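J.: Sending over a structure as structure tokens; questions will come in a sec.
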Amino acid sequence: MRTQRRHAVRARSRGFSLIEVLAAFVILALIATALFQLFSAALANAAASEEWSRAILVAESRLAAAASAYPLVETTDQGTDGDGRIRWQTRTAVWEPPADPELAKLSDAMTTRLFRIEVDVHFPGASGRDRSFSLATLRMAQRTLQQ
Numbered sequence: 001m002r003t004q005r006r007h008a009v010r011a012r013s014r015g016f017s018l019i020e021v022l023a024a025f026v027i028l029a030l031i032a033t034a035l036f037q038l039f040s041a042a043l044a045n046a047a048a049s050e051e052w053s054r055a056i057l058v059a060e061s062r063l064a065a066a067a068s069a070y071p072l073v074e075t076t077d078q079g080t081d082g083d084g085r086i087r088w089q090t091r092t093a094v095w096e097p098p099a100d101p102e103l104a105k106l107s108d109a110m111t112t113r114l115f116r117i118e119v120d121v122h123f124p125g126a127s128g129r130d131r132s133f134s135l136a137t138l139r140m141a142q143r144t145l146q147q
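Per our numbering, the sequence shown starts with residue 1, numbered consecutively.
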């Protein structure tokens, strides 16, 4: 009788039941789904980061090109990058001091003048919406006879 009980206990403990196997597959499927969603979101974030980085590089290069122009004059320029995805517009204008008459008199007497150089960049975002940002700087330049 003891040997029959031992064989019965061994027979029950030799494998998994169908419910245990199904439960393991359900748990595995849930974990795999969560991991795929995590990887998908990470890839989307990497693509968006790359687009922002390209747009910032375009803006910085256009800002540097406009700031290095000689002589600095009031102007507007626009264009796109090599593949046409990133649009930019550069504006160079004389910077006007705050509305203070004494400061305006001092500014008119100086041989130099401040210019504000601004670059607006527009590019498509991951969700299809248009993304944009602006960079600006001030540059000092010699006052020309036309100014």
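All C-beta atoms in this analysis are idealised placements derived from N, C-alpha and C, irrespective of residue type, glycine included. Quick caveat, the model's predicted, so the values are computed rather than measured.
(1) Could you pull out every residue in the same chain whose Cβ sits closer than 6 Å to the Cβ of residue 38, ignoring the five residues on either side in sequence?
(2) What is the DSSP secondary structure of residue 147, reduced to helix, strand or coil?
(3) Going by C-alpha distance, which of 28, 80 and 140 is nearest residue 119?
(4) At which residues does the beta strand (DSSP E) containing residue 118 begin and terminate?
(5) Let me know if residue 117 comes out buried or exposed under the rule of 16 or more other beta-carbons within 10 Å of its beta-carbon.
(6) Could you give the residue range of the beta strand (DSSP E) that holds residue 108?
(7) Any idea if residue 62 is buried or exposed, counting beta-carbon neighbours within 10 angstroms, 16 or more meaning buried?
(8) Can you tell me where the alpha helix (DSSP H) with residue 52 in it begins and where it stops?
(9) Answer with buried or exposed for residue 143, where buried requires no fewer than 16 other C-beta atoms within 10 angstroms of its C-beta.
(10) Decide yes or no for the touch test of the stretch 81 to 99 against the stretch 55 to 69: beta carbon pairs closer than 8 Å, at least 3 of them.
T.: Working from what's here:
(1) Counting only Cβ-Cβ distances below 6 Å, and skipping sequence neighbours, we find nothing.
(2) Bear in mind that the predicted position of residue 147 carries a pLDDT of just 45, short of 50, making it unreliable; the figure below should be weighed with that in mind. Note: residue 147 maps to coil in three-state DSSP.
(3) Sorting 28, 80 and 140 by C-alpha distance to the C-alpha of residue 119 places 80 at the top.
(4) The continuous beta strand (DSSP E) containing residue 118 extends over residues 112 to 124.
(5) Buried, by the Cβ-count rule.
(6) Note, residue 108: premise wrong, no beta strand (DSSP E); alpha helix (DSSP H) at 101 to 109.
(7) When all chains shown are included, residue 62 counts as buried.
(8) In this chain, the alpha helix (DSSP H) harbouring residue 52 covers 18 to 67.
(9) Residue 143 should be labelled exposed.
(10) The stretch 81 to 99, when compared against the stretch 55 to 69, does touch it at the 8 Å Cβ threshold.
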